[in-house]
Every structure is written in C-alpha cells, then in structure tokens.
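Note that the sequence shown covers residues -7 to 97 in our numbering.
Data block below; observations after.
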Amino acid sequence: MRFPELTDDNFEQEVLKSTQPVIAYFSATWCGPCKAMNPLVEQVAEESPKVKFVKIDIDDCSEVSMRQGIRSVPTLYAFKDGQKKGSIIGLTMRDRIQQLVDRIS
C-alpha cells in the first residue's frame, strides 16, 4: 500500500482539515527504524479503511515537521477533527499502532 506523500503546502488540508481521522507517519528515507516499521504501518492501514494514513518525509517537509515538533523518526501522530489525539515516537510493535488507530476511529 502506498500512502499519499504530503508536502508543507498540503498538510493542513490533508490532515488538519480532514473529515476523517488521520494517522500522520513522519519518517525519512535514510531512517533504518522507519524502514523496519513501514510494513507494520501498511498492514494496519490496510485493515483500517475508516482512517486516512499519510506519510511525511521530514527532509522534504521541514516546515510541517518543525511546527509539529518532530524530533525523531519514526513518529506517528493521530489526528481527529484537526486535533492531535495521540502519538507514538520511535520503532514500535504493530499492536501499539493498532491501539493508536483505535483511539481515533
């Protein structure tokens, strides 16, 4: 599954103004833990059709990453109605990703 890749220009529209809950996955192409977590996030995304998953490359979207306070990757933020409702920072297990999704769906 491919996630929409967001930019500094469309983050607000795609995440903060989204009518459906959103998991924003902050990562980087050079990040080993991100590569390890990609398949887990993809699995949960495929099983969660009511939640929108988006991917943000911190190098390509430095403005958004700074505004959202991203200090390390991988980081997952859960948004509902434009508000952050939870997060996971660092490599994690599939079950924790699912719990984050369950919190907003």
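C-beta: ideal position from N, C-alpha, C; glycine also.
Q. With 16 as the cutoff for other CB atoms within 10 Å, does A70 come out buried or exposed?
A. buried
Q: Can you give me the start and stop residues for the beta strand (DSSP E) that V14 sits inside?
A: Looking at the DSSP string, the run of the beta strand (DSSP E) that includes V14 is V14 to S19.
(Q) Could you compute how far the alpha carbon of Q5 sits from the alpha carbon of M29? (A) 26 angstroms
Q | Presumed contact (8 angstroms Cβ cut-off) between V46 and F(-5), rounded CB distance | A | 6 angstroms
**Q.** Separation of A16 from I80, as counted between CA atoms
**A.** 10 angstroms
Q.
On the CB-based measure, 16 or more other CB atoms within 10 Å of its CB, does P66 come out buried or exposed?
A. Classification of P66: buried, given that the 10 Å Cβ count is 16 or more.
(Q) Quick test of your reading: R86 and L32, contact by CB under 8 angstroms. State the CB separation rounded to the nearest angstrom. (A) 5 angstroms
Q) Can you tell me whether P13 is buried or exposed, with buried defined as 16 or more other CB within 10 angstroms of its CB? A) The C-beta of P13 has 16 or more other C-beta atoms within 10 Å across all chains shown, which makes the residue buried.
Q. Quick one, which of L(-2), S10, E39 and R63 has its alpha-carbon nearest K72's?
A. S10
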